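First to last, the protein sequences are chains A and B. Going by the working numbering, the first residue of the first sequence is number 200, and it counts up by one from there. Going by the working numbering, the first residue of the second sequence is number 5, and it counts up by one from there. For every residue, glycine included, the Cβ atom is placed at its ideal position computed from N, Cα and C. Remember, it's a predicted structure, so these values are computed and weren't measured experimentally. Step one of this worksheet: look at the structure below.
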Amino acid sequence: MVLSNNMVLIPAYNEEHRIVSVVAGVKVAAPDAAIVVINDCSRDDTAAVACQAGAIVVSHPFNMGYGAAIQTGYKYALANNYDFLVQLDADGQHDPSCIPDLLAPVIQGKADIAIGSRFMGNSYKPPLARRLGMALFRKIVSMVTGRACTDTTSGFQAFNRKVIAFFSTDVFPVDYPDADMLITLHHAGFCVVEVPVRMFENSEGKSMHSGLKPLYYMFKMILSICVTLLRKKGKN
Amino acid sequence: MPIKQKIFALLICCFVFIFTINLVRKRKLREEYSVLWLATSLLMFVLVIRYDWLVSLTTLIGAGLPTTTLFICSIIFLMLIAVQFSIKISSLTDQVKNLAQENALLKEQCGRLAADKNEGCSGVKSDD
């Protein structure tokens, strides 16, 4: 039996310098929650540092990427009977003090999943190219779901056990789960809400969208959205 | 079709067929991957033997020469093989991912049990 039914999931890859402050921030914002760091086979001491900071650490045997790391966290939450889960990045971009606000609609049963939106509070200004990409997917998701969606690429999310179970299956796209996942959730009948959160610029400028990856991201996301729309509702 | 060309094509078909069967016999190739190789070598064999069928097929697809039809068949076969491998690799990638995740979760669970046994602190909020 778990003592707390909230879990905070932090996927991490080579974040030994920033993971301590993120874990400390989560401890202040959600003192009762279990903090689980998924170490995606970091080459530095992320696992040891996170463990010393008081987090539960699950380490991948080899690097599998962001999507697989968060899905391992969902599987951990499911196996350990957590009812609510919040996920945030290990690079310090997501402000842990927003966790209670993000969890509130999910715990109150007003939504199955709450997405932290960096644009509702107008606190975040990404580069122009990224802004254009985000605007395109925002438009597509809003059109498909029939609901205004301001941030389709946010990894700062909270959800209940039903969504945890749903994400633990092969339905979850481990390759950049973003706008396509929102459409899949909509088709599966989950209630999605957005909550304004604060996000910071990445201080080291390190991003998983570097080099040619943005081009692949655009291609993958458009293809994934198209095939998601072609699938039958509820059977994604 | 010139007789030399015919003999060469038949020999290739026989070689591919026997080589594939031998690989399956030695368990170096699974039956599921042998289907396309065997089917293609058989199809090529039939088309070479029944030259009139090859000519009809050439007329049907609008190719210039019967040998062109054989080349097109070979390219289609290679594409099908590539698609089959892509499907298999996708499936294996998912399986490897699931196994690695399972491995990571089990390792964490083992560490936690060992820590509990040694009355250590694993930092996991679970008991019972």
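So is residue i buried or exposed if we call it buried at 16+ other beta carbons inside 10 Å?
| i | result |
| --- | --- |
| Gly124(B) | The pLDDT assigned to Gly124(B) is 49, lower than 50, so where the model puts this residue is not dependable, and the model offers no usable value. |
| Lys92(B) | exposed |
| Val133(B) | No statement about residue 133(B) is possible, as the shown extent of chain B runs from 5 to 132 and does not include it. |
| Ser241(A) | buried |
| Met200(A) | Because Met200(A) carries a pLDDT of 40, less than 50, the predicted location of this residue cannot be relied on, and no value is offered for it. |
| Ala384(A) | The sequence as given places Leu at residue 384(A); Ala does not occur at that position. It is buried - the Cβ of Leu384(A) has at least 16 other Cβ atoms within 10 Å. |
| Asp98(B) | exposed |
| Met206(A) | buried |
| Phe318(A) | buried |
| Leu208(A) | buried |
| Lys30(B) | exposed |
| Tyr415(A) | exposed |
| Leu287(A) | buried |
Take residue i as the anchor and find which of the options has the nearest alpha-carbon.
| i | options | result |
| --- | --- | --- |
| Ser367(A) | Leu277(A), Phe336(A) and Met342(A) | Leu277(A) |
| Leu302(A) | Ile269(A), Gln356(A), Asp288(A) and Lys274(A) | Gln356(A) |
| Pro260(A) | Lys10(B), Ile76(B) and Leu110(B) | Leu110(B) |
| Ala104(B) | Met263(A), Pro325(A), Leu422(A) and Met417(A) | Met263(A) |
| Ala223(A) | Thr271(A), Ile424(A), Pro376(A) and Ala254(A) | Ala254(A) |
| Met380(A) | Pro413(A), Asn204(A), Leu428(A) and Met398(A) | Leu428(A) |
| Ser316(A) | Glu214(A), Gly354(A), Pro326(A) and Lys309(A) | Gly354(A) |
| Phe81(B) | Ser45(B), Ser95(B), Ser60(B) and Ala13(B) | Ser45(B) |
| Pro330(A) | Asn279(A), Asp350(A) and Asp288(A) | Checking the sequence, you will find Arg at residue 330(A) rather than Pro. Of Asn279(A), Asp350(A) and Asp288(A), the residue nearest in Cα terms is Asp350(A). |
| Tyr37(B) | Phe21(B), Thr63(B), Phe89(B) and Val50(B) | Phe89(B) |
| Phe283(A) | Leu411(A), Arg360(A) and Ser423(A) | Arg360(A) |
| Cys425(A) | Val343(A), Ser220(A), Met333(A) and Val396(A) | Val343(A) |
| Phe418(A) | Glu400(A), Pro304(A), Leu335(A) and Arg430(A) | Leu335(A) |
| Glu393(A) | Cys250(A), Lys226(A), Ala310(A) and Lys412(A) | Ala310(A) |
I think residue i touches residue j, with their Cβ atoms under 8 Å apart; what is that distance to the nearest whole Å?
| i | j | result |
| --- | --- | --- |
| Thr72(B) | Leu58(B) | The pair is not a contact, with the Cβ atoms about 10 Å apart (cut-off 8 Å). |
| Val391(A) | Ile312(A) | 5 Å |
| Asp369(A) | Thr352(A) | The Cβ separation is near 22 Å, so there is no contact. |
| Met436(A) | Asp294(A) | The question about residue 436(A) has no answer here: the residues shown for chain A are numbered 200 through 435. |
Which residues share a DSSP beta bridge with residue i?
| i | result |
| --- | --- |
| Asn238(A) | Ala211(A) and Ser258(A) |
| Asn359(A) | Phe283(A) |
| Glu393(A) | Ile314(A) |
| Asn107(B) | The partner list for Asn107(B) (beta bridge, DSSP) is empty, contrary to what the question assumes. |
| Asn205(A) | Phe283(A) |
| Met398(A) | His293(A) |
| Ala233(A) | Met206(A) |
Check: What residues from the segment 259 to 276 of chain A come within 8 Å of chain B, judged by C-beta to C-beta, listed N to C?
Finding: His259, Pro260, Phe261, Met263, Ala267, Gln270, Thr271, Lys274 and Tyr275
Next item on the list: With 7 Å as the limit, tell me which residues of the segment 76 to 109 of chain B have their beta carbon closer than that to any beta carbon of chain A; keep them in chain order.
Entry: Asp98, Lys101, Ala104, Gln105, Asn107, Ala108 and Leu109
Item checked: Interface positions of the segment 360 to 377 of chain A facing chain B (Cβ-Cβ less than 7 Å), listed along the chain -> Asp369 and Val373
Note to self: Counting only Cβ-Cβ distances shorter than 8 Å, please list the residues of the segment 212 to 232 of chain A near chain B, keeping chain order.
What the structure shows: none
Check: What are the residues of the segment 29 to 43 of chain B that lie near chain A, defined by any Cβ-Cβ distance shorter than 7 Å?
Finding: none
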